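One structure is given here, and the rest of the page talks about it.
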Amino acid sequence: MPDKPVSSVWPILHYDDTRAALRFLVDVLGFHEVLAVPDDEGDIVHAELRWPGGGALVFGSTKHTDGVHARMRAGSGAVYVATENVDAVHSRVRRARGDVVVAPHDTEFGSGTGSYAFTVRDPEGNLWTFGTYRGPEAVGCRRPGAQRHPTPASESPPAAACPPPIRGGSDRSTGSFSAQC
73 MPDKPVSSVW PILHYDDTRA ALRFLVDVLG FHEVLAVPDD EGDIVHAELR WPGGGALVFG
133 STKHTDGVHA RMRAGSGAVY VATENVDAVH SRVRRARGDV VVAPHDTEFG SGTGSYAFTV
193 RDPEGNLWTF GTYRGPEAVG CRRPGAQRHP TPASESPPAA ACPPPIRGGS DRSTGSFSAQ
253 C
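Read in order, the letters of the sequence shown correspond to residues 73 to 253 in my numbering.
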């Protein structure tokens with residue numbers, strides 16, 4: 073697996089069938105399995121996955137009721153994954169007969185920046201949106217009037233306002249959106 077920064081934010085999901093969840097997340101969505109800890113019956117009690125473009129995910133089983141996350145229900149999560157390969161992920165989901173909730177389309181998120189994205193529901197009901205949006209700093213712009221709150225990692229001056237998103241401006245072969253400042 074290529075060297076990518078490990079995410080500081082790790083979403084946590086729970087599944088009823090953790091083995092099936094692991095296969096879906098790895099084989100269909102494209103995550104990389106880093107760790108899967110089984111119990112005595114072979115159920116995965118803890119798993120850690122990495123996204124090829126950076127980021128991490130933890131999941132466990134609803135069957136295990138110890139710990140602070142024990143009350144989490146399966147299928148109650150939603151995760152956004154930034155990728156330049158929206159169409160490739162969508163193709164894998166379609167080949168696996170996955171439940172595409174929203175087909176790939178050009179959209180605009182709250183910051184006013186354009187994105188190309190789609191949403192799939194995993195077999196237990198969690199929603200996964202894959203899109204090209206990486207935040208306003210990634211394209212150097214922001215929605216006029218938006219309040220920017222610098223963090224130690226982003227102390228640069230506020231970005232310029234974005235031009236209107238270009239409808240239909242994504243390159244479907246790479247999944248990258250062409251609206252840039």
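From the three backbone atoms N, C-alpha and C, an ideal C-beta is built for every residue, glycine too. Small disclaimer: the values here were computed from a predicted structure and weren't measured.
Where residue i sits in the DSSP three-state scheme
i	result
A218	Because the pLDDT at A218 is just 48, under 50, the model does not fix this residue reliably, and the point stays unresolved.
S163	helix
F190	strand
D115	coil
V100	helix
F249	Residue confidence for F249 is low, a pLDDT of 37 falling below 50, so the modelled location carries little weight; the figure read from the coordinates is stated next. Correct three-state label for F249: strand.
A146	coil
V140	coil
T185	coil
A168	coil
S226	With a pLDDT of 48 at S226, under the threshold of 50, the modelled position of this residue cannot be trusted; read the value that follows with caution. Note: S226 maps to helix in three-state DSSP.
A232	A caution first: A232 carries a pLDDT of 48, below 50, which makes its placement in the model too unreliable to give a value.
R122	strand
Contact belief for residue i with residue j at Cβ below 8 Å, rounded distance in angstroms
i	j	result
P131	A93	Checking the displayed sequence, the identity of residue 131 turns out to be Phe instead of Pro. Yes, F131 and A93 are in contact; Cβ-Cβ is about 6 Å, under 8 Å.
P195	G149	Not confirmed; about 13 Å, so no contact.
H141	L121	With a Cβ gap of about 16 Å, H141 and L121 do not count as contacting.
C-beta contact flag for residue i and residue j at 9 Å
i	j	result
A154	Y188	no
A146	T134	yes
R193	D99	no
G207	T179	no
G197	F96	no
V81	G127	yes
V117	V109	yes
Y152	T185	no
W123	G139	no
V173	L199	yes
R143	G114	no
D111	H136	yes
DSSP beta-bridge partners of residue i
i	result
W82	For W82, which the question treats as bridged, DSSP gives no partner whatsoever.
Y87	S133
Y152	T201
P110	I116
E180	G186
A128	R122
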